[in-house]
Amino acid sequence: MAAHNHLAPITLLGLFIFFLASPPALACDAGDRATLLKIKAGFQNPGKFTSWNESTDCCTWYGVKCKPHDDRGRVTSLNYWNDGAASDGLSGRLPDELGDLPFLSDLSLANHTNLYGVLPLTLTRLTRLSVLSLPLNSLSGALPSFLTQILSLTFISLSNNKFSGLIPPEFSNFPALRTLALQANNLEGEIPSAIGNLSKSLLPLVLSLGGNMLSGNIPKELLAANWELLDLSHNKLTGDPTALFAANKTTTYMNLSFNKLAFDMTGIDFPVKLIMLTLENNMITGSIPAQINHLSDLVFFNVSYNQLCGIIPAGPVLDRFDNTHFFPNKCLCRSKVSCL
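Read left to right, the sequence shown gives residues -27 to -1, 1 to 313 (mature numbering (1 follows the signal peptide of the UniProt record, and there is no 0)).
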């Protein structure tokens, strides 16, 4: 009995050392880990994903985030912005297996020039997805209306890709969307009138459609909506957008430049919170309203290459900008003397 008592502490010590030497149990969900390995293969095993292997916790893998361990380590975020060489980026098409991460709320893959093809229908299985951010890639095809089946989306950026065709009118049906960024693609046709219906709440929205081939008048529903940021620049838009301008709107950034918009600027009251207002290269007539000198937050303003006339109102805001922000125009001038 004495010998047995003598060995007991040694046995306990050995067990303690054994547990210290044993690797911790994997925290991530086994199914999510298997799915991520399939996604890695679909992206042609990029060099940045060397940490993605069977022997490590997938919650520690590059670009991956999980829910806390008490939620079984379910993958909630796949985020990889390539800020290095093209060889560091993802290649191939978006794998169908992306739809097999049921807890995913953030899918952000940006600046991968060798990432091409269409958006997979399997994304509709991501019922918790809030952020879909896929800018600066080579994705193409038509914008899929099936994205509206993901009711949880609050942020969509598909900018700087090769999407073509029309903006689906169904894109007005996102119940929680706050940001829609589609700039720098090959989109054409008119802006669907229903897009203005995105602004159903009192919260301002972000809408960025610049750098496409959109044409026609800006729909009245869009003009009436409340936008925090609105970029419709570098298109072929026509008509009168003055309904966008109201002192009580909460717009901070507005870019309507490089279109064919025609309106009289005289007497317009611009949103008082504007930080940037750029209207160059349109067909704007009239004179510059003195109210702009009351926009104390305005740090960028440009009305060059229009058909404006009259004296530029002197004041604490407009005096910040040199002549490149105003000229050429039909007959603008800085003072009565320079107008002679």
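Note that CB positions come from ideal geometry on N, CA and C, so glycine has one too.
Since we're looking at a predicted model, the values are computed, not measured.
Extent of the continuous beta strand (DSSP E) to which residue i belongs
| i | result |
| --- | --- |
| L202 | W200 to D204 |
| D242 | Counting along the chain, D242 falls outside any beta strand (DSSP E), and DSSP gives it neither H nor E. |
| E70 | From DSSP, E70 is part of no beta strand (DSSP E); its letter is neither H nor E. |
| K135 | K135 to G138 |
| K38 | V37 to C39 |
| A83 | D79 to A83 |
| K209 | K209 to G212 |
| V290 | Here V290 belongs to no beta strand (DSSP E), and DSSP marks it neither H nor E. |
| M186 | M186 to N190 |
| I129 | F128 to S130 |
| C306 | C304 to C306 |
| C32 | Neither: C32 is in no beta strand (DSSP E) and is coded neither H nor E. |
| S113 | S111 to A115 |
| V179 | L178 to S181 |
| A154 | T152 to A154 |
| N159 | N159 to G162 |
| Y53 | V48 to W54 |
| N228 | Y226 to N228 |
| V104 | V104 to S106 |
Beta-carbon proximity list for residue i, same chain, < 8 Å, skipping 5 on both sides
| i | result |
| --- | --- |
| N84 | W54, N55, D56, G62, P108, L109 and N110 |
| L112 | L67, L88, Y89, G90, V91, L92, L131, N134, K135 and F136 |
| G20 | S60 and D61 |
Residue i versus residue j: straight-line alpha-carbon distance, rounded
| i | j | result |
| --- | --- | --- |
| G36 | G114 | 27 Å |
| G65 | S130 | 19 Å |
| V91 | T121 | 16 Å |
| D5 | N185 | 38 Å |
| S188 | L210 | 5 Å |
| R101 | N232 | 38 Å |
| S24 | L203 | 40 Å |
| Y278 | L94 | 44 Å |
| C282 | P301 | 10 Å |
| F147 | D295 | 42 Å |
| A7 | A59 | 26 Å |
| T258 | Q280 | 5 Å |
| N87 | W34 | 22 Å |
| A(-7) | Y89 | Confidence at A(-7) is low in this model, with a pLDDT of 42, below 50, so its placement is unreliable and the value that follows should be read with caution. Their backbone Cα atoms lie some 45 Å apart in a straight line. |
| S106 | N159 | 18 Å |
| L96 | D292 | 51 Å |
| I123 | F144 | 11 Å |
| R151 | L171 | 8 Å |
Any non-hydrogen atom of the ligand GTP within 6 Å of residue i CB
| i | result |
| --- | --- |
| T100 | Ligands in the displayed structure: none, and consequently the ligand GTP is not present. |
Residue range of the unbroken alpha helix (DSSP H) whose run includes residue i
| i | result |
| --- | --- |
| W10 | Contrary to the premise, residue 10 reads as Leu rather than Trp in this sequence. Start and end: A3 to G15. |
| L195 | K193 to A197 |
Sequence-distant residues of the same chain with beta carbon closer than 7 Å to residue i, five excluded per side
| i | result |
| --- | --- |
| K222 | N199 and P244 |
| P214 | I191, L196, L229, L234 and F236 |
| S125 | T100, R101, L102, S103 and A149 |
| L305 | L281, C282, G283, I285 and F299 |
| R45 | D2 |
Same chain, Cβ closer than 6 Å to residue i, five either side skipped, listed in chain order
| i | result |
| --- | --- |
| G162 | L139 |
| R307 | I285 |
| F218 | I241 and F243 |
| P(-4) | Note on P(-4): pLDDT 48, under 50, position unreliable in the model; no value is reported. |
| N254 | S230, F231 and Y278 |
| K11 | E70 |
| D73 | T8 |
| P68 | I12 and G15 |
| Q264 | D242 |
| E208 | Reading the sequence as shown, one finds Asn at residue 208 and not Glu. Once the five neighbours on either side are set aside, the close Cβ partners of N208 are N185, L187 and N232. |
| F273 | M249 |
| M238 | I257 and G259 |
| T224 | W200 and P244 |
Rounded distance between the beta-carbons of residue j and residue i, thought under 8 Å
| i | j | result |
| --- | --- | --- |
| G169 | L205 | At roughly 12 Å, the Cβ-Cβ gap does not stay under 8 Å, so G169 and L205 are not in contact. |
| L153 | L116 | 10 Å between Cβ atoms; not a contact. |
| T49 | D79 | 7 Å |
| C32 | A(-1) | 5 Å |
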